[in-house]
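Okay, so here's the structure we're looking at.
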Amino acid sequence: MIDLFVVPLLKILVVLNVTLVCVTYMVLLERKVIAWAQSRLGPMRVGPYGVLQPIADAVKLMIKEDITPTRADKWVFTAAPVISMVPALIVYAVIPFGPEVTLFGRTFTLYIADINVGLLYIVSVASVGVYGIILAGYASNSKFPLLASLRASAQLISYEVAVTLTLVSVILVAGSLSMVEIVRAQEHSHVWFGFIQPLAFGIFFIGGLAETNRAPFDLPEAEQELTGGFHTEYSGMRFALFFLAEYANMIVVSSVATTLFFGGWLRPFPNVAALNFLGIIPSWAWFGIKSFVFLYIFVWVRATLPRYRYDQLMRLGWKVLIPLAIINLVVTGIVKVALM
Amino acid sequence: METPAVHHGAMFDTDELVINMGPQHPSTHGVLRVVLRLDGEKVVDADVVIGYLHRGIEKLSENRNWTQIILLTDRMDYVAAATNNVGYCETVEKLMAIEVPRRARYVRTILCELQRIASHCLWIGTHAMDIGAMTVFLYAFRERELILDLFEEFCGARLTYNSMRIGGLPQDLPPGWDKKVLEFCKIMDEKLYEYEELLTHNRIWLERTKNIGVLSAAQAIDAGLSGPPLRGSGVPRDVRKDEPYAAYNEMEFDVAIGTAGDTYDRYLVRLEEFRQSLRIIRQAMQGIPEGPIVGKVPRLIKPPAGETYHAIESPKGELGYFIVSDGKSTNPYRFRVRPPSFCNLQALRQMVRGHLIADVVALIGSLDVVLGEVDR
Chain L
3 MIDLFVVPLL KILVVLNVTL VCVTYMVLLE RKVIAWAQSR LGPMRVGPYG VLQPIADAVK
63 LMIKEDITPT RADKWVFTAA PVISMVPALI VYAVIPFGPE VTLFGRTFTL YIADINVGLL
123 YIVSVASVGV YGIILAGYAS NSKFPLLASL RASAQLISYE VAVTLTLVSV ILVAGSLSMV
183 EIVRAQEHSH VWFGFIQPLA FGIFFIGGLA ETNRAPFDLP EAEQELTGGF HTEYSGMRFA
243 LFFLAEYANM IVVSSVATTL FFGGWLRPFP NVAALNFLGI IPSWAWFGIK SFVFLYIFVW
303 VRATLPRYRY DQLMRLGWKV LIPLAIINLV VTGIVKVALM
Chain W
52 METPAVHHGA MFDTDELVIN MGPQHPSTHG VLRVVLRLDG EKVVDADVVI GYLHRGIEKL
112 SENRNWTQII LLTDRMDYVA AATNNVGYCE TVEKLMAIEV PRRARYVRTI LCELQRIASH
172 CLWIGTHAMD IGAMTVFLYA FRERELILDL FEEFCGARLT YNSMRIGGLP QDLPPGWDKK
232 VLEFCKIMDE KLYEYEELLT HNRIWLERTK NIGVLSAAQA IDAGLSGPPL RGSGVPRDVR
292 KDEPYAAYNE MEFDVAIGTA GDTYDRYLVR LEEFRQSLRI IRQAMQGIPE GPIVGKVPRL
352 IKPPAGETYH AIESPKGELG YFIVSDGKST NPYRFRVRPP SFCNLQALRQ MVRGHLIADV
412 VALIGSLDVV LGEVDR
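As you go down the protein sequences, you meet chains L and W in turn. Its first residue numbered 3, the first sequence is counted upward by one per residue in our numbering. Its first residue numbered 52, the second sequence is counted upward by one per residue in our numbering.
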């Protein structure tokens with residue numbers, strides 16, 4: 003009874019809360035890192051060095067007036083932010099933050115579920131998120147959001163192809179679709195898949211930037227062109243849901259990248275005994291550190307690069323990334339067969 | 052005006068989407084309104100609507116005395132107030148045949164070039180921001196701030212300077228100012244590399260700006276362009292060289308020109324102008340003579356009857372003043388400005404056709420218009 007219901011529920015509670023706190027602090031991290039890149043201070047007023055800024059932001063967004071345009075499609079308009087946010091959160095169900103830990107004489111696994119098609123689950127759930135954006139643009143009944151949602155649907159569909167193809171090559175190497183097994187495979191082969199599949203990782207990361215609508219692929223919300231894009235008509239908490247979904251998705255992409263390409267919860271060189279002292283850092287912390295590096299790169303890229311144009315984005319996706327991903331997949335397959 | 056027909060698919064009927072960009076839009080640089088007719092994301096036609104910032108400066112000037120107008124010229128191109136002042140004062144001086152002392156002419160040159168750098172800083176920041184590179188914006192504003200500090204020390208104001216007087220300058224340079232200017236030149240030299248590192252060879256930047264809004268030399272001249280947009284198309288027209296004013300005839304500098312006439316070339320031209328401006332400032336600082344700062348100006352400024360046109364090279368292009376004096380009153384009979392932004396904006400419609408929405412903002416940025424000057 004306890005193992006079946008109480009423990010998973012507690013885990014869900016912990017993961018959900020930790021994630022939401024991470025998401026809000028991701029916003030702060032982004033503001034701070036970009037501020038440093040731009041030789042300014044960033045938020046400094048709320049709490050020491052602005053550490054309480056996310057709380058102030060959350061309170062502000064919650065008490066703001068929630069406007070629904072008169073001519074909007076009310077139900078869809080209300081549902082869209084939720085459709086956007088929920089997939090971003092439920093993906094965490096299969097992400098392994100670490101192996102087993104023993105606590106109060108009980109052994110817990112540091113993941114909510116280890117389903118045998120974990121990767122497939124992530125891909126399919128993540129692709130539901132795009133509906134939120136499309137529906138938001140449609141339901142707003144406004145021209146700029148409509149254009150943005152057209153952009154978003156084209157962009158997300160084309161980049162999902164490339165990303166999924168790279169995932170397939172990882173599956174080939176690991177021989178499993180389960181997230182936990184993929185990490186274990188990296189432990190047994192003594193090498194992180196990022197070093198076996200550097201091209202796949204590159205494509206995955208670029209595709210990840212595009213799928214999370216991050217710079218330089220932030221076309222659906224391009225403020226300078228489409229005045230905010232699909233969330234132009236949103237305000238208050240509904241806007242906040244879109245906003246948080248974007249950051250939650252960034253954390254998802256970072257976590258998946260960590261798990262698939264950089265050994266998940268493993269410490270560097272798990273097979274080298276001389277580095278055993280690194281074991282004092284718990285496994286979930288290693289996972290956190292690695293994910294943080296990716297999140298930092300996300301922000302760093304945003305501070306550095308200009309934005310692609312719509313047609314260039316599509317060209318990059320279909321003419322560069324997808325062919326490369328296919329080649330990578332074929333070569334991986336051939337090598338795998340040859341080694342057997 | 053002929054417009055390409057929208058294709059009609061076999062299955063779905065397609066329609067043009069008319070979208071209103073501005074006057075409240077983050078990247079129309081003020082209150083410009085562009086009515087776009089779109090086929091998908093492609094711009095079929097664009098209608099540029101102006102007038103939202105019209106304050107009647109020209110008419111107002113006809114009811115102010117000659118000194119008060121200097122203050123009004125500040126409000127036209129408000130990011131380059133000093134060049135506006137210089138242009139106006141020189142026009143009146145030309146009308147009254149006032150000899151401006153050499154020192155004043157040198158200071159005017161220095162102020163004009165500082166102003167050009169400040170204006171180009173604002174341009175590179177907003178232009179890059181429109182294309183999505185947000186960091187350049189803050190870097191450029193950081194340097195612009197230094198120039199504003201210099202102006203503040205000289206005349207007390209940071210935006211609308213009122214920094215000239217007919218016949219010369221309101222006051223001499225403050226002590227120690229010259230050292231600060233040279234120090235700024237040194238800083239700016241280094242910082243230019245920072246902008247270039249972020250943009251010039253950036254693949255995304257190249258893709259976003261190359262072959263966008265191409266204007267041939269003939270088209271640029273036909274459209275009445277001036278300044279960097281004209282020079283980007285390869286026409287070596289620069290009022291500073293062709294009809295020198297202030298102390299430009301004593302300065303050594305090159306006129307930067309482009310070849311392709313696209314957004315990237317206009318970008319390169321302005322970047323080169325940063326360097327040439329620094330070169331001019333250094334020369335002027337070195338050669339600045341001692342002496343009076345105001346020429347022989349009568350107590351009551353009342354130009355003789357007649358009319359005159361005088362143009363200077365403002366950061367945006369050829370800024371001309373046409374003034375008619377009736378010789379009787381203490382205000383101009385007719386006051387007319389040839390604003391470079393207004394004339395340059397005319398090319399927008401022709402440039403954006405066939406491009407995508409994202410290019411529209413890039414092109415508005417590339418023309419570097421200031422709506423205060425367009426509408427006056």
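Glycine included, C-beta positions come from ideal geometry on N, C-alpha and C. All of these numbers come straight from a predicted model, not from anything done at the bench.
Quick one: what's got a C-beta closer than 8 angstroms to R153 (chain W)'s C-beta in the same chain, skipping five residues either side?
A298, P340, G342.
Local Cβ density within 10 Å of P98 (chain L), reported as buried at 16 or more and exposed below that
When all chains shown are included, P98 (chain L) counts as buried.
Is the Cβ-Cβ distance between V175 (chain L) and L137 (chain L) less than 8 angstroms?
Pairing V175 (chain L) with L137 (chain L) gives a Cβ-Cβ distance that is not under 8 angstroms.
Going along chain W, which residues have a C-beta under 7 angstroms from K145 (chain L)?
Contact annotation for K145 (chain L) against chain W: L68, I70 [CB-CB distance below 7 angstroms, chain order].
Taking 8 angstroms as the CB-CB limit, is T186 (chain W) close to chain L?
Answer yes: the Cβ-Cβ gap between T186 (chain W) and chain L drops below 8 angstroms somewhere.
Within-8 angstroms CB hit, Q157 (chain L) to chain W
No, Q157 (chain L) does not count as interfacial toward chain W.
Just mark H78 (chain W) as buried or exposed, buried being the case when its beta carbon has 16 or more other beta carbons within 10 Å.
His is not the amino acid found at residue 78 (chain W); the sequence shown has Ser there. Sixteen is the threshold: when 16 or more other Cβ atoms of the shown chains lie within 10 Å of the Cβ of S78 (chain W), as they do, the residue is buried.
Kindly list, in the order they appear in chain W, the residues whose Cβ is closer than 8 angstroms to that of Q188 (chain L).
Neighbourhood of Q188 (chain L) in chain W, by CB distance below 8 angstroms: empty, with the nearest CB roughly 33 angstroms away.
Distance between V119 (chain L) and S257 (chain L) (C-alpha atoms, nearest Å):
Rounded to the nearest angstrom, the two C-alpha atoms are 17 angstroms apart.
Helix, strand or coil for L89 (chain W) per DSSP?
Shown here, L89 (chain W) sits in a strand according to DSSP, grouped into three states.
Comparing C-alpha positions only, which one of L:V96, L:T214, L:I65, L:S285 sits nearest to V237 (chain L)?
A small fix is needed here, since residue 237 (chain L) is Ser in this sequence, not Val. It is L:I65 whose Cα lies nearest to the Cα of S237 (chain L).
CB contact below 8 angstroms: A179 (chain W) versus chain L:
For A179 (chain W), at least one C-beta of chain L is nearer than 8 angstroms to its own C-beta.
Distance cutoff 8 angstroms, beta carbons only. Does M316 (chain L) sit that close to anything in chain W?
Chain W places no beta carbon closer than 8 angstroms to that of M316 (chain L), leaving this residue out of the contacts.
Buried or exposed for A148 (chain W), going by 16 or more other Cβ atoms inside 10 Å?
Label assigned to A148 (chain W): exposed.
Span separating the alpha-carbon of L277 (chain L) from that of L201 (chain L):
Between the alpha carbons of L277 (chain L) and L201 (chain L) lies a gap of roughly 28 angstroms.
Just reading off the alpha helix (DSSP H) that N181 (chain L) is part of, what are its end residues?
In the sequence as presented, Asn is not what sits at residue 181 (chain L); that position holds Met. For M181 (chain L), the uninterrupted alpha helix (DSSP H) segment begins and ends at 181-190.
Quick check: the segment 391-411 of chain W against the segment 78-96 of chain W, are there 3 or more CB pairs under 8 angstroms?
Contact between the segment 391-411 of chain W and the segment 78-96 of chain W is present: 3 or more CB-CB pairs across the two stretches fall below 8 angstroms.
Rounded to whole angstroms, what is the Cα-Cα separation between L246 (chain L) and C206 (chain W)?
Between the C-alpha atoms of L246 (chain L) and C206 (chain W) there is a straight-line separation of about 48 angstroms.
Just to make sure I have the definition right: I need the residues of chain W whose C-beta is within less than 7 angstroms of the C-beta of D313 (chain L). Which are they?
By Cβ distance, chain W contributes L407.
Would the beta-carbon of E141 (chain W) fall within 8 angstroms of that of I363 (chain W)?
In contact: E141 (chain W) and I363 (chain W) (Cβ atoms closer than 8 angstroms).
According to DSSP, is M229 (chain W) part of a helix, a strand, or is it coil?
Note on residue identity: the sequence assigns Asp, not Met, to residue 229 (chain W). In the three-state reduction of the DSSP assignment, D229 (chain W) falls in the helix class.
Would you list, in chain order, the members of the segment 239-270 of chain W that have their beta-carbon closer than 8 angstroms to a beta-carbon of chain L?
So the list reads L249, L250, N253, I255, W256, E258, R259, given in the order they occur along the chain.
Under 8 angstroms Cβ-Cβ, which residues of chain L neighbour R193 (chain W)?
Residues of chain L whose Cβ lies closer than 8 angstroms to the Cβ of R193 (chain W) are, in chain order, S41.
Taking Cβ-Cβ distances shorter than 8 angstroms, what residues in chain L pair up with A83 (chain W)?
Looking at the sequence provided, one finds Leu at residue 83 (chain W) rather than Ala. The premise fails here: L83 (chain W) is roughly 14 angstroms from chain L at the closest Cβ pair, so nothing lies under 8 angstroms.
Which term fits M342 (chain L), buried or exposed, when burial requires 16 or more other beta carbons within 10 angstroms of its beta carbon?
Exposed is the call here.
Any idea what DSSP makes of M72 (chain W), helix, strand or coil?
Three-state DSSP puts M72 (chain W) in a strand.
Own chain residues within Cβ distance below 8 angstroms of E53 (chain W), not counting five before or after:
Only weak support is given to the placement of E53 (chain W): the predicted model assigns it a pLDDT of 49, under 50, and the value that follows is read from those uncertain coordinates. So the list is empty, once near-sequence residues are dropped.
Tell me which residues share the same chain as K292 (chain W) and place their Cβ nearer than 7 angstroms to its Cβ, disregarding the 5 neighbours each side in the sequence.
Excluding positions up to five away in sequence, the list reads V306.
Neighbourhood of V265 (chain W) by C-beta, 7 angstroms cutoff - its chain only, sequence neighbours within 5 removed:
Cβ neighbours of V265 (chain W) beyond the five flanking positions: A311, G312, D313.
Cβ-Cβ separation, L250 (chain W) to A184 (chain W) (assumed contact under 8 angstroms), whole Å:
Going by Cβ atoms, the distance from A184 (chain W) to L250 (chain W) rounds to 7 angstroms, so yes, they are a contact pair.
Inter-residue Cα distance where the pair is I205 (chain L) and V254 (chain L)
Spanning the two alpha carbons is a distance of roughly 16 angstroms.
Tell me which residues share the same chain as V130 (chain L) and place their Cβ nearer than 6 angstroms to its Cβ, disregarding the 5 neighbours each side in the sequence.
Non-local beta-carbon contacts of V130 (chain L) in its own chain, meaning distances under 6 angstroms to residues more than five positions away in sequence, involve P89 in chain order.
Taking 6 angstroms as the limit between beta carbons, can you name the residues of its chain near A95 (chain L), skipping five residues before and five after?
So the list reads I114, A115, once near-sequence residues are dropped.
Express the C-alpha separation of G423 (chain W) and R106 (chain W) in angstroms, rounding to a whole number.
About 9 angstroms.
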